[in-house]
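Enquirer:
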Amino acid sequence: MTQIPLPNADVIIACLALQFIPPAQRLAVLHAMHHVLPSNGLVIVVEKTIPYHETNQAIFESIYHQVKEENGYSKVEIATKKKALDGVLIPLTGQQNEALFETAGFKSERFLTWMVFSGWLLHKHKGLCLDHSP
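According to our numbering, the sequence shown is numbered sequentially starting from 904.
(1) Let me know the secondary structure DSSP gives L930 once reduced to three states.
(2) The alpha helix (DSSP H) that contains S965, what's its start and end?
(3) Our contact map puts K1010 next to S942 with C-beta atoms below 8 Å; I'd like the distance itself, whole angstroms only.
(4) So, do the region 992-1002 and the region 931-941 have three or more beta carbon pairs nearer to each other than 8 Å?
(5) Would W1017 be called buried (16 or more neighbouring beta carbons within 10 Å of its own) or exposed?
(6) Below 8 Å, how does it come out for the region 904-924 and the region 944-955: are there three or more Cβ pairs, yes or no?
(7) Which residues mark the beginning and the end of the alpha helix (DSSP H) in which T983 is found?
(8) Let me check understanding here. Comparing Cα to Cα, which of L1024, G944, A987 and Q928 lies closest to Q906?
(9) Tell me whether G944 is buried or exposed, calling it buried when 16 or more other Cβ atoms sit within 10 Å of its Cβ.
(10) Of the choices V946, E980, P994 and L988, whose alpha-carbon is the least far from that of F1020?
(11) Would L988 be called buried (16 or more neighbouring beta carbons within 10 Å of its own) or exposed?
(12) Looking at the structure shown, is A1002 part of a helix, part of a strand, or coil, going by DSSP?
(13) Can you look up H1028 in the DSSP assignment and give me helix, strand or coil?
Now the structure itself:
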């Protein structure tokens, strides 16, 4: 997403994608999305997020691992995946994501919150982009 030019589109879906882009490059990706969308274009974003209260992280992680076990994943598989994603998947808080969306020229509306996952509908508004980086 950081290297390939995006095609023109009316709607872009970024499902669990931005979290794998280094935080310093996410604004550039959002700017690229803003650039290819027509006026009033949409982006659907779903991301893993950091809980509002850090003390809830362990609770949410425990529940999420329990859900995975109930769906057939072994404790070893869960631990292996967690280790593989450490330092690769870098979540932000909901507020940090929303600030990036606004800076890139989008109005956002959160439509999903489930433990540490959030989804937003981003609306492009012409002339709203605060930073005109490519």
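Think of the CB as a built atom: it goes at the ideal place given N, C-alpha and C, for glycine as much as any other residue.
Expert: Reading it off the structure:
(1) helix
(2) Q960 to E973
(3) In fact, because the Cβ distance is near 13 Å, the residues do not count as touching under 8 Å.
(4) Taking 8 Å as the limit for Cβ pairs, the verdict is that the region 931-941 does not touch the region 992-1002.
(5) exposed
(6) Yes, the region 904-924 touches the region 944-955.
(7) K978 to L988
(8) Checking every option, the nearest Cα to that of Q906 belongs to Q928.
(9) Sixteen is the threshold: when 16 or more other Cβ atoms of the shown chains lie within 10 Å of the Cβ of G944, as they do, the residue is buried.
(10) P994
(11) exposed
(12) A1002: helix per DSSP, three-state reduction.
(13) coil
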